[in-house]
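*Asks:* The listed protein sequences derive, respectively, from chains A and B. If you count the first sequence from 1, you need to add 487 to reach this note's numbering. If you count the second sequence from 1, you need to add 487 to reach this note's numbering.
2 protein chains.
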Amino acid sequence: MELAFAERYELYRQEIEQYLNSLFEEEPHWADLYASMRYSVLAGGKRIRPVLTLEFARLAGMDWHDAVPVACALELVHTYSLIHDDLPCMDDDDLRRGKPTNHKVYGETLAVLAGDALQAEAYRLILTAPGLKAEQRAECALILAGASGADGMVAGQVLDTLHAPKTEQELTEVHRLKTGAMIAGACRLGVAAADAKEAFHQAAAEYGYQLGMAFQIRDDMLDVIGNADEFGKPIGSDREEGKVTFPDLLGLEGCERAVLDCTERAKSAVAPWDEDGFLAELADSLTNRMK
Amino acid sequence: MELAFAERYELYRQEIEQYLNSLFEEEPHWADLYASMRYSVLAGGKRIRPVLTLEFARLAGMDWHDAVPVACALELVHTYSLIHDDLPCMDDDDLRRGKPTNHKVYGETLAVLAGDALQAEAYRLILTAPGLKAEQRAECALILAGASGADGMVAGQVLDTLHAPKTEQELTEVHRLKTGAMIAGACRLGVAAADAKEAFHQAAAEYGYQLGMAFQIRDDMLDVIGNADEFGKPIGSDREEGKVTFPDLLGLEGCERAVLDCTERAKSAVAPWDEDGFLAELADSLTNRMK
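(1) What are the boundary residues of the alpha helix (DSSP H) that includes Thr654/B?
(2) Would you say Leu766/A reaches chain B, if we count a Cβ-Cβ gap shorter than 8 Å as a contact?
(3) Taking 7 Å as the cut-off, does the CB of Lys591/A come closer than this to any heavy atom belonging to the ligand SAM?
(4) With a 10 Å radius around its C-beta and 16 neighbouring C-beta atoms as the bar for buried, classify Leu664/A as buried or exposed.
(5) Against chain A, which members of the segment 521-533 of chain B pass a CB distance test of less than 8 Å?
(6) May I have the straight-line CA-CA distance separating Ala651/B from Glu660/B, to the nearest angstrom?
(7) Verify the CB distance criterion: does Phe718/B have a CB-CB separation below 8 Å to chain A?
(8) Looking at chain A, is there any beta carbon in it that lies within less than 8 Å of the beta carbon of Asp638/B?
(9) Can you list, in chain order, the residues of the segment 567-601 of chain B whose Cβ is nearer than 9 Å to any Cβ on chain A?
(10) Count the other CB atoms within 10 Å of the CB of His565/A; is the residue buried (16 or more) or exposed (fewer)?
(11) Under a three-way DSSP split, which group does Asp763/B fall into?
(12) Whose C-beta lies closer than 7 Å to the C-beta of Ile570/B among residues of the same chain, with five residues either side of it excluded?
(13) Out of curiosity, what's the CA-to-CA distance linking Phe543/B and Val731/A?
(14) Which residues, in chain order, does the segment 493-522 of chain A contribute to contact with chain B at a C-beta distance below 8 Å?
(15) Could you have a look at Lys730/B and say whether DSSP puts it in helix, strand or coil?
(16) In its own chain, which residues sit with a C-beta less than 6 Å from the C-beta of Pro556/A, not counting the 5 before and 5 after it?
(17) Should Pro537/B be labelled buried (16 or more other beta-carbon atoms within 10 Å of its own) or exposed?
(18) Anything in chain A within Cβ reach of Ser755/B, meaning under 8 Å, just list it in chain order.
(19) With a threshold of 16 other CB atoms inside 10 Å of the CB of Glu608/B, please say whether the residue is buried or exposed.
(20) Which class does Leu612/A belong to by DSSP, given the choice of helix, strand or coil?
(21) The alpha helix (DSSP H) with Arg624/B in it runs from where to where?
(22) Between Gln501/A and the rest of its own chain, which residues show a CB-CB distance below 6 Å, the 5 nearest in sequence each way excluded?
(23) Leu747/B: buried (16+ other C-beta within 10 angstroms of its C-beta) or exposed?
(24) Below 8 Å on C-beta distance, what does Thr615/B contact in chain A?
(25) Give the range of the alpha helix (DSSP H) segment to which His516/A is assigned.
(26) Can a CB atom of chain A be found closer than 8 Å to the CB of Leu646/B?
(27) Using a Cβ distance threshold of 8 Å, determine whether the segment 737-757 of chain B contacts the segment 691-698 of chain B, with at least three qualifying pairs required.
(28) For Ala554/A, does the count of other Cβ atoms within 10 angstroms reach 16, so buried, or fall short, so exposed?
(29) What did DSSP end up calling Pro537/A once you bin it into helix, strand or coil?
(30) Taking the alpha helix (DSSP H) that Asp572/A falls in, what are its first and last residues?
(31) Once DSSP output is grouped into helix, strand and coil, what is the label at Phe718/A?
(32) Under 8 Å by Cβ, that's how I've got Gly713/B and Ala668/B pegged, so tell me the actual separation to the nearest angstrom.
(33) By Cβ distance below 6 Å, which residues in the same chain neighbour Leu782/B in space, the five residues on each side in sequence not counted?
(34) Alpha carbon to alpha carbon, what distance is there between Leu658/A and Asp519/A?
(35) For Glu622/A, which residues in chain B fall below 7 Å Cβ to Cβ?
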């Protein structure tokens, strides 16, 4: 029962990988669509979002195994967003996590369609989740739609790609929507799947938002630190033209403080529920990560 | 109560337009996203799909006004599919219904993202529909996901765009998935919103599939007839290279027969429920349409 942080994380991660690996396996006439979907779904990553769903489900008192389809549904939406973000008309990236991006392997047409299909399939997973009642399914699906839609993740993507945020306030809004909404959504999904009390909903949302913000600022910092270490470039010189980041606005020390502040706020939001300290350790591990 | 076909259709259509026009109206920081979504949602069309949802909801015994959000949700998904279909990496169309396509007005980046957001917002509409219980919301959302996802509309799009169907069987499968699944989904949504009996579900699905097939074959025919009338070209000469259509395979007379067969099958499937003959008239009007 009492697992150490790393053991529990690995337990969750393995269940998630196994479940994701069971999706889109059969071979219909449109096997290329399934292959393209699987390619990106199984491209690895830390699976932080679904891990959060499972831990919140457990803390909210349900058998976390029953929340696996819901957790993986949000991961499918996260995956579709990565596929579309990498498209030539978006960020135009050839590589993701060291592997060719979806459209580089399967072509743009299939990359667009694989992303579209993954979004629909995410709802299908939630709405057929065996361990959940109709009320929980409906609530989870609504949380996912809110986190990922026109006032959530997609809005953040629009601001980031097309509005060139310049102030700390604008940059915070981008990351609140683009990263925060989905990480908060992952936390809330676990609570909703377990049908827990409203107070825990709010704590889960706050933890997720703060964690998302810490994650994003740390990401920006690592970008700068990585560059400075590897190539000896002056800090900030490698920034994309016109794209302002937190280190540009706050400096590295200011970023360090901001990350610690967000992490503390995240931890204290869930302190009454975080029995084994898993959520606190997860927050700390993101704060201290070097890649 | 006893409205003529045209009056009832117009009544539904106006409610649908009014509801759609109320969406994405406020102006958040990402007003460009909302504008792009509204542009395509309000670009007109016959609104056949949501009209079907409302009529099936009425026939299944509910106040059809309560089904408007569900009906419009499917129309949002239909709209997102048109936006993405028109993209340069898909069909690369500059015009739709005589107006510039979404990416021609708003750019490709916003067109991809508006489509993505419309899909999420469709689920939000269903899952917050005021007149529905959680069970009905969950069932409707699942029907939408099944109709539009990796074994429905998107699969049809993949086959149509990337697999170049050549036989009647292959072409039938494309249209069953690409058009039939969504029209059948629209019919089933009305029945599910009203929580009606299983027998009516099956009849609604059959009506929708047959209607979708008739609609599509008629579309292919009009393409040929239109060309022959307007430009005096020999039939079939204007087909896109490598794209086989029903007139190529069956000839115009064979198509005529096939459309009538599908229409009859559609009408007889719902005959026990189609009290005022609205569904029969709708099927006939599609069969006989000249544009």
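Ideal Cβ positions, reconstructed from N, Cα and C, are used throughout, including at glycine. A quick note: this is a predicted structure, and the numbers were derived from the prediction, not measured.
*Replies:* Concretely, from the data shown:
(1) Thr654/B -> no alpha helix (DSSP H), and no H or E assigned at all.
(2) no
(3) Because no ligand of any kind appears in the structure shown, any question about the ligand SAM cannot be addressed here.
(4) buried
(5) Tyr521 and Met524
(6) 12 Å
(7) With a pLDDT of only 44 at Phe718/B, under the threshold of 50, the placement of this residue in the model should not be trusted; the figure read from the coordinates follows. No, Phe718/B does not count as interfacial toward chain A.
(8) yes
(9) Tyr567, Ser568, His571, Leu574, Pro575, Cys576, Met577, His590, Gly594, Glu595, Thr596, Leu597, Ala598, Val599, Leu600 and Ala601
(10) buried
(11) coil
(12) Ser527, Asn589, Ala598, Ala601 and Gly602
(13) 52 Å
(14) Phe511, Pro515, His516, Trp517, Asp519, Leu520 and Tyr521
(15) coil
(16) Leu612 and Ala616
(17) buried
(18) Chain A residues near Ser755/B: none, gap ~29 Å exceeds 8 Å.
(19) buried
(20) helix
(21) Ala621 to Ser635
(22) none
(23) exposed
(24) Leu629
(25) Careful: His516/A lies outside any alpha helix (DSSP H) and carries neither H nor E.
(26) yes
(27) yes
(28) buried
(29) helix
(30) Val555 to Asp572
(31) Any reading at Phe718/A is ruled out, since the residue's pLDDT is 44, under 50, leaving its predicted position unreliable.
(32) About 26 Å; that fails the 8 Å criterion.
(33) With chain B covering only 488 through 778, there is no way to say anything about residue 782/B.
(34) 38 Å
(35) Ala621
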